[in-house]
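Read in order, the letters of the sequence shown correspond to residues -24 to -1, 1 to 302 in mature numbering (1 follows the signal peptide of the UniProt record, and there is no 0). These notes are about the structure you will find just below.
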Amino acid sequence: MRFFRFGIFVALFVLLFCACSKHSVEQKKTVSSNSIVCTTEILEDVVAQIAGDAFEVSALIQGNMDPHSYELVKGEVEKLEQARLIFSNGLGLEHGSSLAYFLHKSEKNVVLGQKVLERSGQDFIHIDGGIDPHFWMDVSLFAQVIDPIVEQLTLLDSENELEFIQRGELLAQKFRDIDQECMLIMEQIPQHARFLVTSHDAFNYFVRRYLASGDLKWDSRVMAPQGLAPEAEISLLDIKKVCDFMHENKVHVLFSENNISEQAHRKIKEICGKNGHKARIATAPLFGDTIDKKHSQASSYFGMMLYNAHLITAELQVDMERAEQR
């Protein structure tokens, strides 16, 4: 009798445990069933505007974290595995080993940069044998992510296809408006003063679209001590190239970036000064690889682009005014 009662107790315990486990799994599925993860907050901003309330959209790399070298931390593999879809930039941007490995093997990963490259490969910039992944710096080019986002969301939720299409069309118009606004802002600077020195090569597309204005030699208007990835080592030769560029083109302002140390810029400023060329660091940083949701002006993709355009214009105007006074 005692064994019979013990057997009943064990059976009830197993049933209860299985029921709880099933509930836990179902609850887990419910929480993650509408989850979409974007690698960057820039992508999150765009995807969320198209998805609306149909999906819970979040970003993996947040704040001032560098997307070039980002490595997965505890809990993020589970977050990515539970997501119904992953949107990444690709083109070599997310090359931290653990994240790159996961994205490469994941069947849920939609590489938006590759989608746009397949459609408009001639519009991408190539540097040192690789593709510049910072194509969001050209608003007109980045707008091409809208169609593949709408397509992928529709595959997940066909009932909301019309809403996705409509939101995509409205967003495309916003892209056109912001693109034109950036052009108008930069037109305040005459061609002879349109030169840009930044922390790393994140602004090539911006310069080609908004500073060069059809100038086929747009690449002669931009310089940075670091290459496509800001974690690259900076040599004395790199610093000399920047100093020579600033002297030859009468550039006096160095633009730092929100997620990169100013150490290299301080060194450039020092060396320029020793060679008789006055240089200064801009009063505020540019936003290249990331947005900042806590920043009053750069908390969204469109806000970031307008903020950058206004800051560059204001700082270059300061240099022009000082040049006139000399």
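In this text, a Cβ means the ideal position worked out from N, Cα and C, and glycines have one as well. All of these numbers come straight from a predicted model, not from anything done at the bench.
Residue i to residue j span [Cα, whole Å]
i: V183; j: I101; result: 12 Å
i: S116; j: S73; result: 31 Å
i: D108; j: E135; result: 37 Å
i: E94; j: I247; result: 43 Å
i: E163; j: L36; result: 36 Å
i: D195; j: Q58; result: 42 Å
i: K150; j: G249; result: 43 Å
i: S175; j: N284; result: 14 Å
i: V173; j: L138; result: 44 Å
i: R197; j: A30; result: 44 Å
i: C219; j: Q202; result: 13 Å
i: L56; j: Q273; result: 30 Å
i: E32; j: T15; result: 14 Å
i: E127; j: D133; result: 10 Å
i: M159; j: Q167; result: 13 Å
i: M296; j: K245; result: 18 Å
i: V227; j: A299; result: 10 Å
i: H241; j: E209; result: 14 Å
i: G51; j: E83; result: 19 Å
i: A24; j: Q142; result: 14 Å
i: I165; j: K243; result: 27 Å
i: H271; j: D265; result: 15 Å
i: A290; j: F221; result: 21 Å
i: L47; j: K269; result: The displayed chain sequence assigns Glu, not Leu, to residue 47. Their Cα atoms are separated by approximately 21 Å.
i: I103; j: K217; result: 17 Å
Under 8 Å between C-beta atoms of residue i and residue j
i: V121; j: L75; result: no
i: I125; j: V229; result: no
i: L69; j: I12; result: no
i: M281; j: A178; result: no
i: I26; j: F140; result: yes
i: S275; j: I267; result: yes
i: E20; j: S34; result: yes
i: residue 330; j: L292; result: Beyond the ends of the chain as shown, which are -24 and 302, falls residue 330; an answer cannot be given.
i: H71; j: H44; result: yes
i: N225; j: F171; result: yes
i: V86; j: F118; result: no
i: H253; j: H286; result: no
i: V49; j: F78; result: no
i: Y181; j: F111; result: yes
i: F278; j: I154; result: yes
i: G106; j: Q90; result: no
Minimum Cβ-Cβ distance from residue i to chain D less than 8 Å
i: A260; result: Considering every chain present, this structure includes no chain D. It has just one protein chain.
Coarse secondary structure for residue i, derived from DSSP in three states
i: Q38; result: coil
i: E233; result: strand
i: F31; result: coil
i: T259; result: coil
i: F63; result: strand
i: V173; result: strand
i: G252; result: coil
i: H102; result: strand
i: I247; result: helix
i: Q164; result: coil
i: N136; result: helix
i: I107; result: strand
i: Q273; result: coil
i: F(-8); result: With a pLDDT of 43 at F(-8), under the threshold of 50, the predicted position of this residue should be treated as unreliable, and no value is reported.
Residue interval of the alpha helix (DSSP H) (run including residue i)
i: N284; result: Y277 to Q301
i: V92; result: L88 to S96
i: S196; result: From DSSP, S196 is part of no alpha helix (DSSP H); its letter is neither H nor E.
i: G190; result: Careful: G190 lies outside any alpha helix (DSSP H) and carries neither H nor E.
i: S73; result: S73 to K81
i: D220; result: L212 to E224
i: V227; result: Per DSSP, V227 belongs to no alpha helix (DSSP H) and is neither H nor E.
i: K50; result: First-last for K50: undefined, no H or E at that position.
Residue range of the beta strand (DSSP E) that includes residue i
i: S116; result: That residue, S116, is in no beta strand (DSSP E); its alpha helix (DSSP H) goes V115 to F118.
i: I12; result: S11 to T16
The ligand HEM heavy atom lying under 7 Å from the CB of residue i
i: L262; result: Because no ligand of any kind appears in the structure shown, any question about the ligand HEM cannot be addressed here.
Is it a yes or a no for the stretch 136 to 153 touching the stretch 207 to 225, going by three-plus beta-carbon pairs under 8 Å? Flag = no, the stretch 136 to 153 and the stretch 207 to 225 do not touch.
The stretch 228 to 247 in contact with the stretch 40 to 47 per 3-pair CB rule at 8 Å: The answer is yes - the stretch 40 to 47 touches the stretch 228 to 247, with three or more Cβ pairs under 8 Å.
Contact between the stretch 250 to 263 and the stretch 186 to 200: three or more CB pairs below 8 Å? Not touching, per the Cβ criterion.
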